[in-house]
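Under this note's numbering, the first residue of the sequence shown is numbered 1, with each subsequent residue one higher.
Glycine included, each C-beta is placed from N, C-alpha and C at the ideal position.
The structure appears right after this line, and notes come after that.
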Amino acid sequence: MKKILLSTLVASLLVSGSFAKETAAKGATVKQVNTIAVNNAKQDAKDHKAKLVQEAIDSLKYAHDALVSLNKKDTKSAKANIEKALGKLDVVLASEHAPKLLPVDNVITVQEFIGTSKDAKAAVTLAGVLLADGKVQAAREILLPLKSEIDVTVVNLPLATYPDALKLAAKYINDGEVEKAKAVLATALSTFVEVTTVAPIPLLKAADLIAAAAAIASEDTKQAKVYLSAAQEQLKLAEALGYVSKSDVTYKALDEAIDDIKDHIESKEIKAKFDALKAKLKDFTSKIFSSKEEAKKEAEKASKK
C-alpha cells in the first residue's frame, strides 16, 4: 500500500480554508469553528475522491465470471469472459497517456484524536516507558488512538500487470492447463494497489481558526486572539501526534508567527501578516508526508543491517 499526502485536498483547504465553505457566525466558539472545519474537510474529501473507471470495474466482473466458469469446467465460457474482460480495457490501453492505475473503489476513513496536546504527549511518554519495559502490546494500545486524520484510500487496478495476466490465463486455457489459468485469474483478481491520501485534522483546524481570526481581526481583536491561541494548540497537537515536515518552516516558526500577529493585531500590516502565516502553513503541510516516507525508508534500511 502506498501513502501520499492528499495534495489536492490539503492545498485547497489551506489556500482558502475549508472555512470558506460553511462559515461560523461571528463570535462562534472555538469548538464550533473546529466542528465546521472537520465537516468541511470531510465534504472536501468526498468531492476529491477519484473518479472510478467503469471499464476497469466491468473488466474485473468478467474476469471473475471467467474464474467461476473454470471452476465449473466450462472453458468455452471462461475464454469468452476473458475476451470481454480484455475488451473492456481496449479504449484505455489504446490511449497514448494510459494511466498506470485504474481506480475501482474509494474508501474515506476519519479518525479524530479527542484530547489536548498535553494528553497526546503524556500518552507518548507512557508508551515509551512501556516499550522500555518490554510491554509492547500495552504500548500498542496506548499508541493506536494517537492519530487524527482524514484518509482517502483509492483501490486501483494495476494496468501494467492485469491485462498480461488475463492473456496468460487465456493461453493456459488454450493449452489445457486449467489449474494454472485459475491460479493466474485468482491472483489477478486479488492484486490491487491502494493509494491512501492523508489530511491531518489538527492542521486543517488550525487553518480554519487562522482564517476565522483573519476575518474578524479588524473588528473583534479579542475573539481573533482566542482563535489564534486555539490554532496554536492545534499545531502543538499535530506535533505531538507526529505530523512532522521537512519544510524549512517548523512548528516553532508557525507558533512565533502567530504570536507576532497577536502582538500586532491592530497594526496596518495585519492582513499581510495573516497572508504570510497562511503561506507558511501551506508550505509546512505540503511536505509532511514526504518526510514520513523518508523516515520509513531509513527505518527499513536500519532493520536490514
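- Taking a contact as a CB-CB distance under 8 Å, the pair Lys-100 and Leu-52 does not count as one, their CB atoms being some 16 Å apart.
- Restricted to the region 42 to 104, the alpha helix (DSSP H) segments that are unbroken, complete and at least 4 residues in length are 54 to 71, 75 to 87, 90 to 94, listed in chain order.
- Between Val-198 and Asp-133, the CB-CB gap reaches or exceeds 8 Å.
- Contact check between the region 215 to 225 and the region 170 to 183: fewer than three CB pairs, one atom from each, fall below 8 Å, which does not count as touching.
- With a threshold of 16 other beta carbon atoms within 10 Å, Glu-96 falls short and is exposed.
- Here Leu-185 is buried, its C-beta having at least 16 other C-beta atoms within 10 Å.
- Residue environment: Ser-190 is assigned as exposed (fewer than 16 neighbouring CB atoms within 10 Å of its CB, all protein chains considered).
- Short of 7 Å from the beta carbon of Tyr-162, and not among the five residues preceding or following it, lie these beta carbons of its own chain, in chain order: Ala-188.
- With a contact defined as Cβ atoms closer than 8 Å, Leu-126 and Ile-142 qualify at about 6 Å.
- Within a 10 Å sphere around the beta-carbon of Glu-269 sit fewer than 16 other beta-carbons, which makes this residue exposed.
- The alpha carbon of Asp-90 has as its nearest neighbour, out of Asp-58, Lys-118, Asp-74, Val-110, the alpha carbon of Asp-58.
- For Glu-177, there is no enclosing alpha helix (DSSP H), since its DSSP letter is neither H nor E.
- Boundaries of the alpha helix (DSSP H) around Asp-260: 251 to 263.
- By the neighbour-count definition (other C-beta atoms within 10 Å, threshold 16), Glu-256 is an exposed residue.
- Segment contact: the region 233 to 252 against the region 70 to 80, fewer than three CB-CB distances shorter than 8 Å; contact not assigned.
- Contact annotation, Tyr-62 with Lys-88: C-beta distance approximately 7 Å; criterion of less than 8 Å satisfied.
- DSSP places Ile-201 in the uninterrupted alpha helix (DSSP H) bounded by 201 to 216.
- One thing to note: Ala-240 has its Cβ within 8 Å of the Cβ of Ser-117.
- In the DSSP assignment, Asn-106 forms a beta bridge with Val-154.
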